[in-house]
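Visitor:
There are 6 protein chains.
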Amino acid sequence: MRILVVNVNTTESMTKTIGEQATATASPGTEIVPLTPLFGADSVEGNYESHLAAIAVMETVRAYAEPFDAVIQAGYGEHGREGLQELLDVPVVDITEAAASTAQFLGRSYSVVTTLDRAVPLIEDRLALAGLADRCASVRASGLPVLELERDPAAAVKAIAEEAARAVEQDRAEVVCLGCGGMSGLTEAVVERTGVPVVDGVAAAVTIAESLVRMGLTTSKIRTYAPPRPKHFRAWPPAALT
Amino acid sequence: MRILVVNVNTTESMTKTIGEQATATASPGTEIVPLTPLFGADSVEGNYESHLAAIAVMETVRAYAEPFDAVIQAGYGEHGREGLQELLDVPVVDITEAAASTAQFLGRSYSVVTTLDRAVPLIEDRLALAGLADRCASVRASGLPVLELERDPAAAVKAIAEEAARAVEQDRAEVVCLGCGGMSGLTEAVVERTGVPVVDGVAAAVTIAESLVRMGLTTSKIRTYAPPRPKHFRAWPPAALT
Amino acid sequence: MRILVVNVNTTESMTKTIGEQATATASPGTEIVPLTPLFGADSVEGNYESHLAAIAVMETVRAYAEPFDAVIQAGYGEHGREGLQELLDVPVVDITEAAASTAQFLGRSYSVVTTLDRAVPLIEDRLALAGLADRCASVRASGLPVLELERDPAAAVKAIAEEAARAVEQDRAEVVCLGCGGMSGLTEAVVERTGVPVVDGVAAAVTIAESLVRMGLTTSKIRTYAPPRPKHFRAWPPAALT
Amino acid sequence: MRILVVNVNTTESMTKTIGEQATATASPGTEIVPLTPLFGADSVEGNYESHLAAIAVMETVRAYAEPFDAVIQAGYGEHGREGLQELLDVPVVDITEAAASTAQFLGRSYSVVTTLDRAVPLIEDRLALAGLADRCASVRASGLPVLELERDPAAAVKAIAEEAARAVEQDRAEVVCLGCGGMSGLTEAVVERTGVPVVDGVAAAVTIAESLVRMGLTTSKIRTYAPPRPKHFRAWPPAALT
Amino acid sequence: MRILVVNVNTTESMTKTIGEQATATASPGTEIVPLTPLFGADSVEGNYESHLAAIAVMETVRAYAEPFDAVIQAGYGEHGREGLQELLDVPVVDITEAAASTAQFLGRSYSVVTTLDRAVPLIEDRLALAGLADRCASVRASGLPVLELERDPAAAVKAIAEEAARAVEQDRAEVVCLGCGGMSGLTEAVVERTGVPVVDGVAAAVTIAESLVRMGLTTSKIRTYAPPRPKHFRAWPPAALT
Amino acid sequence: MRILVVNVNTTESMTKTIGEQATATASPGTEIVPLTPLFGADSVEGNYESHLAAIAVMETVRAYAEPFDAVIQAGYGEHGREGLQELLDVPVVDITEAAASTAQFLGRSYSVVTTLDRAVPLIEDRLALAGLADRCASVRASGLPVLELERDPAAAVKAIAEEAARAVEQDRAEVVCLGCGGMSGLTEAVVERTGVPVVDGVAAAVTIAESLVRMGLTTSKIRTYAPPRPKHFRAWPPAALT
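Going down the list, the protein sequences come from chains A, B, C, D, E and F. Everything in the first sequence is counted per the working numbering, starting at 28 for the first residue and increasing by one. Everything in the second sequence is counted per the working numbering, starting at 28 for the first residue and increasing by one. Everything in the third sequence is counted per the working numbering, starting at 28 for the first residue and increasing by one. Everything in the fourth sequence is counted per the working numbering, starting at 28 for the first residue and increasing by one. Everything in the fifth sequence is counted per the working numbering, starting at 28 for the first residue and increasing by one. Everything in the sixth sequence is counted per the working numbering, starting at 28 for the first residue and increasing by one.
So, in structure tokens, the structure goes:
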């Protein structure tokens with residue numbers, strides 16, 4: 028099967044990291060296609076960029092010409108998964124939800140450790156709407172901007188592992204979710220520092236997407252995610268995208 | 028003061044209706060500027076169009092050249108208010124929240140009557156995130172598409188008033204909110220049919236926006252709605268918008 | 028229009044302060060009538076006095092001989108708003124709810140800073156019943172009794188501003204509500220100390236009451252707030268009040 | 028021990044009924060003292076009368092000259108229990124809470140069947156504040172005014188038993204609470220009609236008050252229910268009460 | 028009446044302590060029968076032992092040959108009360124729920140102080156399912172294993188009283204529940220240290236069981252706790268138990 | 028890898044059905060080992076049998092002599108998963124939670140259709156404790172006892188499909204979970220009748236268990252699910268089991 032793994036920002040190196048993580052988790056026979064949005068910001072750290080990413084991810088998937096079996100939206104706490112579910116017949120998996128859903132099988136409560144403090148409310152909102160907040164002990168920020176993860180990996184590892192340790196000790200989290208698509212690769216260090224299972228959202232999403240496809244399950248079209256009704260559009264999509 | 032009232036769809040006649048309703052409510056000295064998004068769908072009835080509207084409303088407001096004192100997002104249950112709050116220093120009021128917030132001063136519980144069934148989950152989500160769902164008795168759909176409100180107003184009035192009556196009788200709503208920016212003008216008929224107060228979101232939002240400006244209050248910039256950080260954008264905004 | 032602004036305690040100087048704040052916020056053409064309860068305690072700092080204030084406010088409004096367009100109950104976290112809504116045909120606005128409702132348009136979460144620790148549970152209960160607790164980050168007490176606000180304003184300002192800063196820093200509040208009818212006038216100092224918007228309940232209530240009147244909206248009489256049924260009363264109201 | 032059982036309305040025959048029910052349940056050695064409020068309405072069916080009853084019950088208990096060991100507030104869904112807890116050193120038990128608390132030991136969910144529809148929101152609010160709403164399947168109204176219970180007992184029995192049956196069948200209640208102080212005596216008929224345990228609040232409250240006294244437990248005075256602080260009162264209490 | 032008070036572990040000295048506490052609280056005429064499970068662990072400190080205790084308590088009660096009027100399950104936060112309710116026609120009272128239910132009549136919020144940290148989640152889950160968690164300020168662990176309560180009572184008293192004080196000061200608990208069947212006897216020391224009412228679950232359960240019997244109330248059999256349907260059992264009960 | 032799939036009742040034919048469903052879903056290279064509890068009831072339809080099954084499943088897994096990589100508890104709404112997590116180092120997946128967790132990726136809300144009405148509360152409780160109840164539209168009973176599924180499959184299919192249709196139409200479920208380990212095989216008929224995705228818990232659990240193993244994730248041992256502490260046991264395990 029072929030799974031599209033769509034980054035939410037336009038930084039190609041981050042798309043590459045995400046793609047490698049997805050590929051490392053994928054079953055034999057699964058082809059991972061990493062995609063970078065056709066437009067948008069080089070990092071998504073707030074609502075404006077996240078709303079832009081939402082529509083960019085949708086248009087990027089719509090512009091993809093080959094057949095595919097599932098889509099993973101690889102941004103943590105971003106808007107837009109519901110729109111993808113309307114547009115597509117194949118399963119759509121958001122990494123925020125995949126990580127939380129997986130964490131819940133591993134311990135009584137989980138925490139998310141993300142990048143900047145301003146990302147915390149977005150993640151909290153997504154978890155609340157997804158019905159996955161009850162067992163969330165906390166969403167914590169390491170204080171590192173997204174792109175810093177690539178610029179200074181050693182400092183990133185340290186900051187994130189320390190924040191994860193606080194989640195375990197102070198908030199009584201029993202599992203930690205790495206709250207950014209680009210944090211793949213930090214898992215080991217955080218496990219070592221905290222002694223609890225650490226969930227990477229991209230890996231979790233790959234297994235869930237594969238499982239849904241394998242069971243022949245896809246998005247319910249009966250109501251919320253029915254296909255969009257026919258519309259007239261003004262100035263959309265932009266000429267450059269078509 | 029000047030208040031921008033931004034429609035979420037590209038149907039100019041609906042922008043006009045919304046603008047008239049806002050003007051009818053505005054205080055002397057308030058100038059209402061109705062805006063139609065620079066791009067997007069002619070009606071917003073689902074997540075794809077709503078996500079597109081979110082970013083379209085933001086870009087439309089950013090492209091507005093004159094000074095203004097507040098912005099009203101005049102779509103019911105649509106995405107994007109958080110992004111506007113990041114981008115702007117002036118107050119932002121969403122009509123979904125304005126209507127609910129006003130209804131709560133009038134009765135113990137309120138219902139929303141909207142257009143299509145598929146809009147119900149979007150409205151429920153917005154109310155939940157806004158912390159305004161506890162006293163919401165129900166969100167009900169009349170079954171009418173958005174543009175039908177203009178095409179056959181008499182049938183619209185009847186369908187909406189009947190649904191509102193069911194909300195009052197079956198769900199024990201004590202107040203009814205008209206769940207669509209384009210429903211201004213139906214108020215009287217629904218009051219007559221149900222005997223309960225009926226809140227129009229556009230009118231409610233105008234009074235709230237004016238009040239915030241008058242009290243010198245605007246969006247807190249300390250965390251969630253801090254201005255976006257500097258970014259590099261790919262292919263955005265589209266040339267046609269600049 | 029004429030709005031009655033009813034203090035909950037019998038300290039006339041506090042009624043005066045509240046009335047001045049209301050007048051400063053009112054639109055041209057709005058007459059503010061400050062009222063002191065005909066009976067009750069000189070400060071309300073607990074359930075006994077609050078229950079007494081509830082009925083005192085109701086009887087005081089009933090004894091007011093002139094016509095009026097709205098009533099504001101100017102006590103923070105006090106009982107009784109529901110009774111006023113039964114008795115009156117005009118809108119009733121409680122300042123606890125007005126402040127919270129306004130704060131929710133300004134930031135993702137708000138805190139209330141009140142006087143004594145024992146007032147905290149009353150405020151929490153009112154917010155819970157009003158469906159306004161979800162986005163409440165905390166209700167904090169400065170430790171100052173109500174009348175101390177007048178006796179030593181400088182100390183009051185300092186204590187309240189410090190507590191507000193703790194709400195912002197520790198509880199992540201993005202907006203602060205001043206949790207006492209007599210705190211009008213402290214707004215500026217708290218803004219300066221915290222850097223977040225500060226909402227005064229009396230001012231917020233005046234704008235909401237005016238808005239409801241302007242939109243022709245008033246309390247739903249269909250169920251919870253239907254007028255009291257005819258009764259026989261024993262020894263009530265007391266001769267001195269009639 | 029001596030337990031004061033305070034009616035919330037001024038109808039002496041109802042006080043008598045309540046007193047008889049309490050006496051029938053009391054242990055040997057417990058003296059039940061039924062009290063009628065010194066002022067107030069002959070039936071309490073809404074917020075105005077309930078707020079008046081709250082303060083009337085408090086003043087009536089304060090005016091009681093003999094020592095006593097506990098107080099029962101025998102009104103369903105009425106305001107004021109918190110004030111009594113501040114004023115007194117002995118345990119205070121509200122029948123609304125006593126019934127719900129007892130019902131929770133008997134089945135997974137319970138319903139309350141009360142008098143008029145307008146009493147429903149008051150009861151719901153009391154249960155919510157008491158943290159006893161999670162297992163409440165419904166609060167239902169029989170449509171009978173309070174005083175009708177005495178005027179036409181046969182019709183009352185029938186109406187209440189039918190409503191109780193609906194709670195069991197439609198709302199899946201496993202226990203029924205009789206939602207009015209004056210419904211003592213209907214228990215048997217409702218058991219017969221529904222086949223589920225039926226809890227009378229007055230009886231439940233007597234056993235709880237006795238138990239607290241027996242265990243030497245009384246209201247915590249550390250914070251919420253600390254004694255009122257010293258105050259100056261205007262025109263209170265009325266001369267006629269002193 | 029005769030009440031079975033069933034310990035959840037097989038330590039006879041602890042059964043004796045529990046029995047003495049129950050007897051000290053029981054009314055004249057109530058016979059307390061302390062029972063030790065026929066099988067199971069000498070202390071219950073986790074889910075495996077708790078699930079084993081659940082079935083052991085049920086089989087032990089079923090094997091009891093004499094008539095009885097009520098059963099108390101004297102383990103804090105343990106599984107199994109629902110099964111007893113199915114099997115028996117007489118009332119069943121769990122001490123976790125009895126303590127919480129009683130505490131709610133004494134203060135606005137309560138905390139539980141238990142033994143080991145790993146018991147905390149079990150207690151939290153039981154309170155959540157029982158609908159008694161809303162007013163629970165915290166469940167805290169003293170860090171002492173169950174059997175240590177008997178081995179070094181002086182150290183136990185000190186550790187538990189200190190933790191209780193933290194609950195009152197940091198979590199704002201107004202009442203403390205002793206979170207272990209074997210903590211009877213510590214009440215006085217904790218009251219002295221904290222100044223708040225302290226509830227012993229065994230004592231509370233005895234009064235509630237007696238009250239239910241006195242009022243002629245028992246478990247609703249209409250649905251959740253209907254008697255088990257006829258079954259074929261494999262290898263159960265073990266020969267040694269029959 | 029080897030996954031133990033443990034039935035909760037002692038009906039071997041049902042263990043066989045469950046095992047076949049698991050095998051049909053398993054990846055190449057996964058060995059499914061179906062297990063029947065060493066003791067217990069031939070069907071589990073209530074709390075007594077469910078508590079017995081909890082401990083029986085644990086002892087059966089402990090008695091299994093070969094190595095294994097994960098365990099699936101294949102009972103819907105049964106007790107005991109937490110105990111398995113304590114006892115084992117490998118992942119444990121409950122089918123109730125697996126089904127709900129999977130359903131949440133497919134639609135905005137899901138319903139469970141189970142056997143007898145008395146199973147509904149057990150399932151609701153498990154979902155609540157698992158933090159998976161927010162998006163649960165309803166748990167509905169078809170009225171069929173567990174063993175009837177095998178005795179009259181045609182009637183079972185019809186009853187379950189009809190109840191599923193009611194969940195979709197009346198409760199607005201967008202996905203249906205088959206609420207019994209033995210319902211595997213009914214999927215197709217329910218999809219056909221309702222038009223929504225239908226999730227089988229056994230299949231879902233197999234994919235989740237495989238995924239956890241593949242990602243190297245297992246139960247957090249830091250607190251709630253730490254291994255049992257050393258204990259002395261009385262009369263356990265029964266001689267016949269050892």
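From the three backbone atoms N, C-alpha and C, an ideal C-beta is built for every residue, glycine too. Please read all numbers here as calculations on a predicted model, not as lab measurements.
Where do the ends of the alpha helix (DSSP H) carrying Ser238/B lie?
Guide: The residue given as residue 238/B occupies position 211 in the second sequence. 228-241 is the extent of the alpha helix (DSSP H) around Ser238/B.
Visitor: Using the beta-carbon count (16 or more within 10 Å), is Gln197/C buried or exposed?
Guide: Numbered from 1 along the third sequence, position 170 holds the residue referred to as residue 197/C. It counts as exposed.
Visitor: Would Gly208/F be called buried (16 or more neighbouring beta carbons within 10 Å of its own) or exposed?
Guide: Here residue 208/F refers to the residue found at position 181 of the sixth sequence. Looking at its Cβ environment, which holds 16 or more other Cβ atoms inside 10 Å, Gly208/F is buried.
Visitor: Taking the C-alpha atoms as reference points, what is the distance between Ser70/E and Thr251/F?
Guide: To locate residue 70/E, count along the fifth sequence from 1; it is residue 43. To locate residue 251/F, count along the sixth sequence from 1; it is residue 224. Near 17 Å, if we compare the C-alpha coordinates of Thr251/F and Ser70/E.
Visitor: So what's Ser54/C in DSSP terms, helix, strand or just coil?
Guide: Taking the third sequence and counting its residues from 1, one reaches residue 54/C at position 27. Coil at Ser54/C, not helix or strand.
Visitor: Should Asp227/F go down as buried or exposed, given a rule of 16 or more other Cβ atoms within 10 Å for buried?
Guide: Here residue 227/F is taken as the residue at index 200 of the sixth sequence, counted from 1. With 16 or more other Cβ atoms within 10 Å, it is buried.
Visitor: Does Ala81/C come within less than 8 Å of chain B when only Cβ atoms are used?
Guide: Counting from one through the third sequence, the residue named residue 81/C turns up at place 54. By this cut-off, Ala81/C is not an interface position.
Visitor: How should His259/B be labelled, buried or exposed, when 16 other C-beta atoms within 10 angstroms of its C-beta is the threshold for buried?
Guide: Mapped onto the second sequence, residue 259/B falls at position 232. Looking at its Cβ environment, which holds fewer than 16 other Cβ atoms inside 10 Å, His259/B is exposed.
Visitor: Can Leu159/C and Ser138/C be called in contact, C-beta distance under 8 Å?
Guide: Start at 1 with the first residue of the third sequence, and residue 159/C comes out as number 132. Start at 1 with the first residue of the third sequence, and residue 138/C comes out as number 111. Taking 8 Å as the Cβ cut-off, Leu159/C and Ser138/C do not qualify as a contacting pair.
Visitor: At a Cβ threshold of 8 Å, is Gln23/C touching chain B?
Guide: No answer is possible for residue 23/C: the residues shown for chain C start at 28 and end at 269.
Visitor: So with CB distances below 7 Å, who are the chain F contacts of Thr37/E?
Guide: As a position in the fifth sequence, residue 37/E is number 10, starting the count at 1. Those within 7 Å of Thr37/E in chain F are Arg261.
Visitor: Which ranges does the beta strand (DSSP E) cover as unbroken runs of at least 3 residues, wholly within the region 79-144 of chain D, from first to last along the chain?
Guide: Listed in chain order, they are 97-100, 119-121, 137-141.
Visitor: Give the secondary structure of Arg162/A by DSSP, where H, G and I count as helix, E and B as strand, and everything else as coil.
Guide: Sequence index remark: in the first sequence, residue 162/A carries index 135 (1-based). Looking at Arg162/A - three-state DSSP - the assignment turns out to be coil, as it is neither helix nor strand.
Visitor: Hey, out of Asn36/E, Phe66/E, Ile30/E, Gln48/E, whose CA is closest to Thr57/E's CA?
Guide: Residue mapping note: residue 57/E aligns to position 30 of the fifth sequence, counting from 1. Ranking the options by Cα distance to Thr57/E, first place goes to Ile30/E.
Visitor: In terms of DSSP beta bridges, what is Arg167/B paired with?
Guide: As a working mapping, residue 167/B is identified with position 140 in the second sequence. Answer is Val140/B.
Visitor: Residues in the same chain with beta-carbon distance under 7 Å from Thr50/D, minus the five sequence neighbours each way, listed in chain order, please.
Guide: Residue 50/D sits at position 23 when you count from the first residue of the fourth sequence. Closer than 7 Å at Cβ, skipping near neighbours: Ile59.
Visitor: Against chain C, does Met242/B count as a neighbour if the rule is that its beta carbon must be under 8 Å from one of theirs?
Guide: Taking the first residue of the second sequence as position 1, residue 242/B is located at position 215. So, interface residue.
Visitor: Pull up the distance between the alpha-carbon of Pro254/D and that of Ala130/F, whole angstroms please.
Guide: Locating residue 254/D in the fourth sequence gives position 227, where the first residue counts as 1. Locating residue 130/F in the sixth sequence gives position 103, where the first residue counts as 1. Roughly 53 Å between the two C-alpha positions.
Visitor: Does Ala262/F come out as helix, strand or coil in the three-state DSSP assignment?
Guide: Translated into positions along the sixth sequence, residue 262/F becomes position 235. Three-state DSSP puts Ala262/F in coil, outside helix and strand.
Visitor: To be precise: take each residue of the region 114-131 of chain D, compare its Cβ to all Cβ atoms of chain C, and keep it if any distance is under 7 Å. Which residues remain?
Guide: From the region 114-131 of chain D, only Leu114 have a Cβ closer than 7 Å to chain C.
Visitor: Between Leu133/A and the rest of its own chain, which residues show a CB-CB distance below 7 Å, the 5 nearest in sequence each way excluded?
Guide: Taking the first sequence and counting its residues from 1, the one referred to as residue 133/A is at position 106. Around Leu133/A: Val202, Pro224.
Visitor: Less than 8 Å between C-beta atoms, sequence neighbours within five positions excluded: which residues of the same chain meet that for Ala186/E?
Guide: Here residue 186/E is taken as the residue at index 159 of the fifth sequence, counted from 1. Answer for Ala186/E: Ser169, Gly170, Leu171, listed in chain order.
Visitor: Can you list, in chain order, the residues of the region 179-206 of chain B whose Cβ is nearer than 8 Å to any Cβ on chain C?
Guide: Within the region 179-206 of chain B, the qualifying residues are Val195, Arg199, Glu201, Val202.
Visitor: Quick one, are the C-beta atoms of Leu114/F and Arg135/F less than 8 Å apart?
Guide: Translated into positions along the sixth sequence, residue 114/F becomes position 87. Translated into positions along the sixth sequence, residue 135/F becomes position 108. Cβ atoms of Leu114/F and Arg135/F: not closer than 8 Å.
Visitor: In or out: Glu76/B buried (at least 16 other Cβ within 10 Å) or exposed?
Guide: Counting from one through the second sequence, the residue named residue 76/B turns up at place 49. Counting Cβ neighbours within 10 Å, Glu76/B comes out buried, since at least 16 surround it.
Visitor: For Trp116/D, count the other beta carbons within 10 Å of its own beta carbon; 16 or more makes it buried, fewer makes it exposed. Which is it?
Guide: The sequence position of residue 116/D within the fourth sequence is 89, counting from 1. As written in the sequence, residue 116/D is Asp, which differs from the Trp given in the question. When all chains shown are included, Asp116/D counts as exposed.
Visitor: Candidates Leu213/C, Ala157/C, Arg153/C, Ile150/C: which alpha carbon is nearest Glu177/C's?
Guide: Here residue 177/C corresponds to residue number 150 of the third sequence, with the count starting at 1. With distances taken between Cα atoms, Glu177/C lies closest to Leu213/C.
Visitor: Identify the residues that DSSP records as bridge partners of Arg29/C: which are they?
Guide: For the purposes of this step, residue 29/C is taken as residue 2 along the third sequence, with counting starting at 1. Per DSSP, Glu58/C.
Visitor: Quick check on the DSSP output: the beta strand (DSSP E) that includes Leu156/A runs from which residue to which?
Guide: For the purposes of this step, residue 156/A is taken as the residue at position 129 of the first sequence. Run containing Leu156/A: none in the beta strand (DSSP E); it sits in the alpha helix (DSSP H), 146-156.
Visitor: I'd like to know whether the C-beta of Thr251/D is nearer than 8 Å to at least one C-beta of chain C.
Guide: Against the fourth sequence, residue 251/D aligns to sequence position 224. It does: the Cβ of Thr251/D has a partner Cβ on chain C nearer than 8 Å.
Visitor: State the start and end residues of the unbroken beta strand (DSSP E) segment that holds Val217/C.
Guide: Here residue 217/C is taken as the residue at index 190 of the third sequence, counted from 1. First-last for Val217/C: 214-221, but that is the alpha helix (DSSP H), not the beta strand (DSSP E).
Visitor: Looking at the structure shown, is Val184/F part of a helix, part of a strand, or coil, going by DSSP?
Guide: Within the sixth sequence, residue 184/F is the residue found at index 157, counting from 1. Reduced to three states, the DSSP call for Val184/F is helix.
Visitor: Do you know whose CA, among Ile150/D, Glu72/D, His106/D, Ala155/D, lies nearest Val84/D's CA?
Guide: Indexing the fourth sequence from 1 puts residue 84/D at position 57. Closest by alpha carbon: His106/D.
Visitor: Measure the Cβ-Cβ separation of Leu65/D and Ile82/C and say whether it is below 8 Å.
Guide: Numbered from 1 along the fourth sequence, position 38 holds the residue referred to as residue 65/D. Numbered from 1 along the third sequence, position 55 holds the residue referred to as residue 82/C. Taking 8 Å as the Cβ cut-off, Leu65/D and Ile82/C do not qualify as a contacting pair.
Visitor: Between the region 38-72 of chain B and chain A, which residues of the former have a C-beta closer than 8 Å to a C-beta of the latter?
Guide: From the region 38-72 of chain B, only Pro64, Leu65, Phe66, Gly67, Ala68, Asp69, Ser70, Glu72 have a Cβ closer than 8 Å to chain A.
Visitor: With a Cβ-Cβ cutoff of 8 Å, do Val298/A and Val98/A count as a contact?
Guide: Past the edges of chain A, shown from 28 to 269, lies residue 298/A, and the structure says nothing about it.
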